[in-house]
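Here's the structure, in structure tokens; my notes come after.
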Amino acid sequence: MRLTTKGRFAVTAMIDLALRQDKGPVTLAGISQRQDISLSYLEQLFGKLRRHEIVESVRGPGGGYHLARKAQNVTVADIIIAVDEPLDATQCGSKGNCHGSDHDNGIHCMTHDLWSTLNAKMVDYLDSVSLQDLVNQQKQKTLDKNVVVMRPVHAVHTAT
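Numbering (my numbering), first residue to last: 409 to 568.
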């Protein structure tokens, strides 16, 4: 089970948006350039995010996107679900027929419950991480990069 680029790009773009929205609406062209994500792909993702009321668009000159609600009220799960990213580790896609259509309906493989439990844990975890948490992490990383550590210089005494 892997998270596809759709989910990864959506979360990355949302972090970028949340980091910059205090300066006004954020353009998709700007996000595209900073994050190296195709503009047309971002347009598709943001259409879905808008329909799920996670972002709002601002039209006209100086337009772009901003969050529809506070960053602490948007979870990673919200973002991933909005862009139709499947969060399913089962072989059957949680449809209950793990052995394919040529077997009786409803037959689960021996590990179905294991993967179903993993699905629930993934959703719980992603639902526990807010967009604000990710923004705070990025701000801390930026601060850590800009910190200069000053070490004392020990004077070397020479005999005269």
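Backbone N, C-alpha and C define an ideal beta-carbon position, used for all residues, glycine too.
Everything numeric in this text was worked out from a predicted model, so none of it was measured.
*Through-space distance from residue 518 to residue 468, alpha-carbon basis*: Going from the Cα of residue 468 to the Cα of residue 518 covers about 56 Å.
*asked:* Can you find the residues in the same chain that come closer than 7 Å, C-beta to C-beta, to residue 454, ignoring five residues on each side of it along the sequence?
replied: Correct list, in chain order: 436, 463 and 473.
*Taking residue 531 as the reference, which of 419, 489, 439 and 442 has the closest Cα?*
That would be 489, whose Cα lies nearest to the Cα of residue 531.
*CB-CB under 8 Å to residue 425, same chain, minus the five flanking residues each way: which ones, in chain order?*
Excluding residues within five positions, the ones whose Cβ falls inside 8 Å are 434, 439, 463, 473, 474 and 475.
*asked:* So the candidates are 483, 547, 471 and 428; which of them puts its Cα closest to the Cα of residue 537?
replied: When each option's Cα is compared against that of residue 537, the closest is 483.
*With distances taken between CB atoms, is the gap from residue 493 to residue 412 smaller than 9 Å?*
Less than 9 Å separates the beta-carbon of residue 493 from that of residue 412.
*Residues of its chain near residue 427, where Cβ-Cβ distance is below 7 Å and the 5 sequence neighbours each way are ignored*: The residues are 543 and 546.
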